[in-house]
Amino acid sequence: MALPLRALLGLLLLVLVTVAALPDHVRAWRTPHRHVGRGRGRFPPPRKHHRPNFRPGPWIPAHATFYEGGSGTFGGACGYDDVVREGYGLETVALSEALFNKGQSCGACYEIKCMDDPQWCKLGQPSLFVSATNHCPPNYYQSSDNGGWCNPPRHHFDIAKPVFLKIAEYRGGIIPVSYRRVPCQKQGGIRFTVTGNPYFNEVLVWNVGGAGDVVSLQVKGNKDLKWTPMKRMWGQKWVTDAKMVGESLTFRVRASDGRFSTSWHIAPKTWQFGQTFEGKNFR
């Protein structure tokens, strides 16, 4: 019996040597993948496709007016509590109906130039960089070219007077401008201010870089709260009746350029209503 056993061992050794000598791509045909991914772990995970940073858009003709501004008038239809304290300063605009897009454009940034009006435009055509923080409502009792400046389909900006004066004389009243979307440059991360009550949670999203606007918001806890889409209440205030209290919160923001930013566990389990938390920003 010793001879057949010896022959069997020799045959097994010959097979192992033959397999080791095969090219890598041939041996890999029978080698299962050990990556965690789709197909019960047999396939490598899908590759991530990173979108480029937000870039300036094309120049578009429009018109602009100004409002007096003053204490307590720099918030508005976007839900921001205090645009000066929240970093927007006085460089803010109210958007006409066509641009406001039911609040989705809140937070977007624009470059504006006074155009084709040498009597009222400042020399050198300086640019004005502003953030959208309010809505200029339509006035259907007046025509679009005589008082109903913010009626659709007009593209119109209503600018705080101290900022308007950087590009034009106030006596101009209404001026022709050219504008384009530009990336928002922000200090620090995206801010999430949580208000409401245990049965109805509100989250204000502000200080958003990149595209500046928010088209969707999701929240996730560390225990029972799974990924949950929040609904836009108005402007950049988002709501859900899902139970958030007692959970460490993660927020995922999606901007209009398709990019996502996920801020993991930025609110501890002991968070309180009225607090603001800082997450990861877009560039």
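Counting from 847, one number per residue, gives the positions in the sequence shown under the numbering used here. Every residue gets a Cβ at the ideal spot worked out from N, C-alpha and C, and that includes glycine.
Next item on the list: Using the Cα positions of P1008 and V1099, report the straight-line distance between them to the nearest angstrom.
Entry: One-based indexing of the sequence shown puts residue 1008 at position 162. One-based indexing of the sequence shown puts residue 1099 at position 253. Distance between the alpha carbons of P1008 and V1099: 33 Å.
Checklist line | Top-ranked residue by Cα proximity to L930, from M1079, E1048, A1006 and P1114 | finding: By 1-based counting over the sequence shown, the position of residue 930 is 84. Before going on, a small fix: residue 930 reads as Val here, not Leu. For the residues M1079, E1048, A1006 and P1114, the minimum Cα distance to V930 belongs to A1006.
Check: On the three-pair Cβ rule with 8 Å, is the region 1106 to 1114 touching the region 1079 to 1095?
Finding: yes
Margin query: Quick check: is the beta carbon of G925 nearer than 8 Å to any beta carbon in chain B?
Written below: Going by chain labels, chain B is absent from the structure shown, which holds only one protein chain.
Notebook entry, point to check: How long is the line joining the alpha carbons of G1104 and W1052, rounded to whole angstroms?
Noted result: As a position in the sequence shown, residue 1104 is number 258, starting the count at 1. As a position in the sequence shown, residue 1052 is number 206, starting the count at 1. C-alpha separation (whole angstroms): 18 Å.
Next item on the list: Please report the residue range of the alpha helix (DSSP H) in which F1010 lies.
Entry: The sequence position of residue 1010 within the sequence shown is 164, counting from 1. Start and end: K1007 to F1010.
Item checked: beta strand (DSSP E) segments (min. 3 residues) lying fully within the region 953 to 978 -> 955 to 960
Checklist line | Span separating the alpha-carbon of F1123 from that of A944 | finding: If you number the sequence shown from 1, residue 1123 lands on position 277. If you number the sequence shown from 1, residue 944 lands on position 98. Whole-angstrom Cα-Cα distance: 32 Å.
Check: Between which two residues does the beta strand (DSSP E) carrying F946 extend?
Finding: Position 100 of the sequence shown, counting from 1, holds the residue named residue 946. Per DSSP, F946 belongs to no beta strand (DSSP E); it is in the alpha helix (DSSP H), E943 to F946.
Note to self: Short of 6 Å in beta carbon distance, which residues of its chain neighbour R884, apart from the five on each side in sequence? Order them along the chain.
What the structure shows: The sequence position of residue 884 within the sequence shown is 38, counting from 1. Note that R884 has pLDDT 35, beneath the 50 cutoff, so the model's placement of it is unreliable and no number is given.
Checklist line | Under 8 Å between C-beta atoms of I1036 and S1107 | finding: Counting from 1 along the sequence shown, the entry for residue 1036 is found at position 190. Counting from 1 along the sequence shown, the entry for residue 1107 is found at position 261. Taking 8 Å as the Cβ cut-off, I1036 and S1107 qualify as a contacting pair.
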